[in-house]
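Structure first, then comments.
4 protein chains.
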Amino acid sequence: MSDTETLAHLLAEAPSNWGRWGADDEIGALNYLTGAEVKSGLAAVRQHRTFTLGVPVATPAGDHVFPGRWPARHYMVADKAGFEAGHWHPMPGGLEFADDYVSGFAQAGTHCDALGHMWFDDTLWNGYPAASTNGGMTRAGIEPIAARGVVGRSVLIDMARFRGKPALARAETFDHRDLLECARAQGVEIQPRSILLVRTGWVGALRSGAETIGDGYWEPGLTFSLDLVRWFDEMQIPCLVTDSLANETTYEPRTGMMLVLHAALMRNLGVVFTEMAWLDDLAADCAADRQYDGFYCASPTRVSKGTGGSVNPVFIK
Amino acid sequence: MSDTETLAHLLAEAPSNWGRWGADDEIGALNYLTGAEVKSGLAAVRQHRTFTLGVPVATPAGDHVFPGRWPARHYMVADKAGFEAGHWHPMPGGLEFADDYVSGFAQAGTHCDALGHMWFDDTLWNGYPAASTNGGMTRAGIEPIAARGVVGRSVLIDMARFRGKPALARAETFDHRDLLECARAQGVEIQPRSILLVRTGWVGALRSGAETIGDGYWEPGLTFSLDLVRWFDEMQIPCLVTDSLANETTYEPRTGMMLVLHAALMRNLGVVFTEMAWLDDLAADCAADRQYDGFYCASPTRVSKGTGGSVNPVFIK
Amino acid sequence: MSDTETLAHLLAEAPSNWGRWGADDEIGALNYLTGAEVKSGLAAVRQHRTFTLGVPVATPAGDHVFPGRWPARHYMVADKAGFEAGHWHPMPGGLEFADDYVSGFAQAGTHCDALGHMWFDDTLWNGYPAASTNGGMTRAGIEPIAARGVVGRSVLIDMARFRGKPALARAETFDHRDLLECARAQGVEIQPRSILLVRTGWVGALRSGAETIGDGYWEPGLTFSLDLVRWFDEMQIPCLVTDSLANETTYEPRTGMMLVLHAALMRNLGVVFTEMAWLDDLAADCAADRQYDGFYCASPTRVSKGTGGSVNPVFIK
Amino acid sequence: MSDTETLAHLLAEAPSNWGRWGADDEIGALNYLTGAEVKSGLAAVRQHRTFTLGVPVATPAGDHVFPGRWPARHYMVADKAGFEAGHWHPMPGGLEFADDYVSGFAQAGTHCDALGHMWFDDTLWNGYPAASTNGGMTRAGIEPIAARGVVGRSVLIDMARFRGKPALARAETFDHRDLLECARAQGVEIQPRSILLVRTGWVGALRSGAETIGDGYWEPGLTFSLDLVRWFDEMQIPCLVTDSLANETTYEPRTGMMLVLHAALMRNLGVVFTEMAWLDDLAADCAADRQYDGFYCASPTRVSKGTGGSVNPVFIK
């Protein structure tokens, strides 16, 4: 790997928030979400209608997961047939129960990444050593994010509908200027500290079978530029939520580097990534009533030492 | 088992909501949470301060679980040491990653029960046959609850503090009249359709080691009476959230029947149970500022065919 | 499904061993393996050289599994890096340890099927009701087979080499007459009660990547005829071991029925199936020294209530 | 920890086999088991009667595991009730199936330890660095042992019966001189390169409930002395098999060091440890017919990168 092909080289001039919230910070840009942002989020509610953005987890057909992972699974432990077969016995009074077990990546289904989930140059968010991932996250894991929650005003940017497609194509990209254009067309403003929901239609395409995960997998999504990183920094975006598996296009087209925004936004700026959200129902509703902003409330499972946690975000219009 | 010792006998005169929301209903008393309740929930926010109520999951020491279950576990799949050992290779550009796996009951940590999780007389909530639990929940599972979310006004009833204890004792009970007395002492009103948070201090006692789970385990909590069930019905309580493992005292003291309120409130009335919430921090704060109500927003993991799902509820004062 | 397309119809005239070893039998044709067969197995040892026939389990690239299953996985729980990170502490004296966790189908890697693993007409081996599989095998599970062990004289039939190929082709079939011809060519006799090892080269082709598992997966292997079933019955074959995932060609070519020999040999005759054995090294050795028989000793993991168990058979020439 | 309390100090004069079988060796004392030992093992067979020594795995009540581990679990994936509920569909022809999943430590049930499972001074068997355990065993894992198998002549030493007890007491110890005395009383000889089976009765006591695993757990078993280590070395014992969870008394009584023989025999001499074997049935039979030797054949599951593997050894008299 030549020096010019490294993230270190690519991001040499890019902004960083390391140290901004102290040497012990583990929640990064969530620090932007203060009481004022909770208040402006609540003020965005006008219809009192609720949407949940989590996809089903441990589905029989096998969840869609990023290459290298494998699907979550669901196992029944107790059911009525198990009682009939004598493996279980009714409680005093007669109560019986169904019980079940789930195994999967901490980042199963719709999920938040911990800030330390990805890194380069042996250093995580805020300067923590990469060795703090060994055997479980001792720094920049999902616990502090889960303890904090992600609550504020949110804006949905429906890139797929803006481009007149059910879903963006493989490797199709866009950047912050596209987000702004789309917002303008939608009649909504991306304000500073907005929780950004970006719809590509990709998870819908995976779920319908229109797209599949295989060799040469290349998601559509945001693509790197220094300007884009600076825009996220200046706008103080606390959290980026998309309906793709990795929140950005898989490869930076010019250099072929992989998941560059995980480095530029998550590792360097502390933006919390929320991946694989289900945005199609919300987007159809927004297209109908033209209200694209609302109150967002999400809090992932508080996985001890975890690199991430499943989440089922709530959006209230 | 004589007829008089059965739940069927005990609950013969107790109210039921079966059919109230149609033959296909799977969310029960969550139907009470309409836009009006979202609105009154938002109206309860006065300080814009946020609390999360989920306990850590898959802790190294082993989570506290109801007897018969076993603790969730966390496994690192990829970490820095794994990259150094050659099990993993950096992505183009240099990005490395930590990844991890979790296995545990669908009802791991703080969680919502599906309405079909427990039953008697071979019949679940709304009259569904118990056989619909076989191999996975085909009726009254957690998915419709997760898709809906639990959003509205909530009231914390701090029974432990009301009784002047860090935690209620083993097998200590209380009922709806105690809840009302406690609310009065706290200066807060349990309004119809309030999401009810009841603190016993029990999860805190388990986490501190003051209490342990073993033979003869008997939690403190709400205890059955026909009047209590009628009160929940008349108050249209949509969701009961407590800091104990099973939301009620383990055995009904008079008859010795087990988990009677799971039958009376969950199976019969469709009240959604949320168990093992972390209420100690919220309660300390409420004791300090005397604001015991707020906005509650919770949405469990959408486990396919699941009997429940982990949840990390958000409470905003 | 018309009546003529059913296994019941196809096998109406086929032999059955139900009841032959009593109403409680759960080991079927392993009953043929008495002390006399142990003795003849030991007598077949001439060189005192040992081979193991188990494939690696929970490999990083993902084990090869029959469609519908998913690969076993290996997770480190404790390693040196975990000690350095403080997740683990040395024992008194200074000992440290590595520990790990495995999850996978009971039939992971090379494995024995329990006699009740597959059935039709709601009836398992020996007439047990299919409901005895509910919630765990209460009849005809792997435990009695594991407690017994599979020990005796064995013969390797190298069909792939006999046909001059590294591996048989997709959907390529053969029957008992081919086995006899191949044995003759190899200069070895299939005696009554021989443990039959049949090499197709298929697992080798999967491991090398020459073949893959995907849509329309169709293994080569033995194919059904009434004569073949009668030959297995008359020869009193106790155990059939192959290097394919399911021990027989996936579909019966004439009718399109699936896994017919699981019905005819396993369910009806009680022949123990051992699948996905690694036979390439043994076969190369046999081709070199022309000794195709030997002592076979295998005992699967004794999985409680299991439908099968992993096994690493030993073959001694 | 003072220097005199370390294993390094304790074992400074103890023998080591590092390098004896080359710098790449991963099977240690199994190198002693050549064709000659297979031959003498076969010669020990006089009755052609077979015993299996594996305990049930993933039992409903929870397997007995060393403190710090947790029991293996068994989950049904498919059963008859699942077919009736529509989760599964019959194959063409009508075949249905039961399928199941197991998760547990690689060292679940009766198992072999890999030589690198435990270490001190940052160095594994044969001098491999402890870092080779990171993320999976790259040296001295279970795979080479599984590929080799453990085959030879074996002798059962029934210490519990020799001392007239159903099981040895907590923390009760014995050494090589006791083994020799017991062998003499049994009328059998421990020959060089014998696979040593030592019965304490402990697993039987755990299974019957006479003993339990809890705070202060202290198994009976072999206890350290330099003479004992030298005896194992001189006798070239390839494999030590016992019916306790850790093959030796938990703490060395004089110094309080833990699992000293794992250091002295496994790490330093390369003796393969096989733990938690079921010896009670075999021992009762040996007591009856006075034949204490036989042929031993064991081959653990070949867990990729594993620290150990489940095994169900076969003993033939």
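Chains as they are written, first to last, in our numbering: chain A, 1 to 317; chain B, 318 to 634; chain C, 635 to 951; chain D, 952 to 1268.
Glycine residues also receive a C-beta, built at the ideal position from the N, C-alpha and C atoms.
Check                                                                                                                           : Outcome
Cβ-based burial, residue 301 of chain A [other Cβ within 10 Å; buried from 16]                                                  : buried
Validate contact between the region 649-662 of chain C and the region 1060-1080 of chain D using beta carbons, cut 8 Å, 3 pairs : no
Delimiting residues of the alpha helix (DSSP H) encompassing residue 84 of chain A                                              : 80-84
Residue 903 of chain C beta carbon less than 7 Å from that of residue 651 of chain C                                            : yes
Contact set between residue 1054 of chain D and chain B, taken where Cβ atoms lie within less than 8 Å                          : 420
Residue 128 of chain A - DSSP class collapsed to helix/strand/coil                                                              : coil
Partner residues on chain C for residue 349 of chain A, Cβ-Cβ distance less than 7 Å                                            : Nothing about residue 349 of chain A can be read from this structure; chain A reaches only from 1 to 317.
Exposed unless 16 or more other CB atoms sit within 10 angstroms - verdict on residue 37 of chain A                             : buried
Ranges of the beta strand (DSSP E) found wholly within the region 1160-1237 of chain D, counting only runs of at least 3        : 1190-1193, 1223-1226
7 Å Cβ cutoff met for residue 727 of chain C and residue 1217 of chain D                                                        : no
Listed by chain order, chain B residues near residue 97 of chain A by CB distance under 7 Å                                     : 434, 435
8 Å CB neighbourhood of residue 1232 of chain D in its chain, flanking five on each side removed                                : 1002
Under 7 Å (Cβ pairs) to chain D, residues found in the region 479-506 of chain B                                                : none
Minimum Cβ-Cβ distance from residue 404 of chain B to chain D less than 7 Å                                                     : yes
Contact belief for residue 1147 of chain D with residue 1101 of chain D at Cβ below 8 Å, rounded distance in angstroms          : At roughly 12 Å, the Cβ-Cβ gap does not stay under 8 Å, so residue 1147 of chain D and residue 1101 of chain D are not in contact.
Partners in chain D for residue 272 of chain A, counting only beta-carbon separations shorter than 9 Å                          : Neighbours of residue 272 of chain A on chain D: none; closest Cβ ~27 Å, over 9 Å.
Residue-chain proximity (residue 392 of chain B, chain C), Cβ-Cβ < 7 Å                                                          : yes
Beta-carbon proximity list for residue 896 of chain C, same chain, < 6 Å, skipping 5 on both sides                              : 752
Beta-carbon separation (whole angstroms), residue 1171 of chain D vs residue 1203 of chain D, contact threshold 8 Å             : With 8 Å as the limit, residue 1171 of chain D and residue 1203 of chain D do not qualify as a contact, their Cβ atoms being about 13 Å apart.
Burial state of residue 563 of chain B, where buried means 16 or more other Cβ atoms lie within 10 Å                            : buried
Contact set between residue 59 of chain A and chain B, taken where Cβ atoms lie within less than 7 Å                            : 621
Short Cβ contact (7 Å threshold) for residue 1093 of chain D with residue 1257 of chain D                                       : yes
Same chain only: Cβ atoms within 6 Å of residue 483 of chain B, ignoring 5 sequence neighbours per side                         : 518
Proximity of residue 1099 of chain D and residue 978 of chain D at Cβ, strictly below 7 Å                                       : yes
Cross-strand partners of residue 429 of chain B (DSSP beta bridge)                                                              : B/591, B/626
Alpha-carbon to alpha-carbon, residue 917 of chain C and residue 58 of chain A                                                  : 41 Å
For residue 144 of chain A, the three-state DSSP class (helix, strand or coil)                                                  : helix
Chain D within 7 Å of residue 318 of chain B, Cβ atoms only                                                                     : Caution is warranted here: a pLDDT of 49 is assigned to residue 318 of chain B, below 50, making its placement in the model unreliable, and no coordinate value can be reported.
Simplified DSSP state of residue 1107 of chain D, which is helix, strand or coil                                                : strand
Short CB-CB distance (under 7 Å) between residue 946 of chain C and chain D                                                     : yes
Chain A contact for residue 526 of chain B (CB, 7 Å cutoff)                                                                     : no
Cα-Cα separation, residue 952 of chain D to residue 1205 of chain D                                                             : With a pLDDT of 49 at residue 952 of chain D, under the threshold of 50, the modelled position of this residue cannot be trusted; read the value that follows with caution. Residue 952 of chain D and residue 1205 of chain D: Cα-Cα distance of roughly 16 Å.
CB contact below 7 Å: residue 1005 of chain D versus chain E                                                                    : No chain E appears in this structure, whose protein chains are A, B, C and D.
Three-state class that DSSP yields for residue 382 of chain B in the structure shown                                            : coil
Whole-angstrom C-beta distance between residue 883 of chain C and residue 856 of chain C, which should lie under 8 Å            : 7 Å
CB contact check: residue 734 of chain C to chain D, cutoff 7 Å                                                                 : yes
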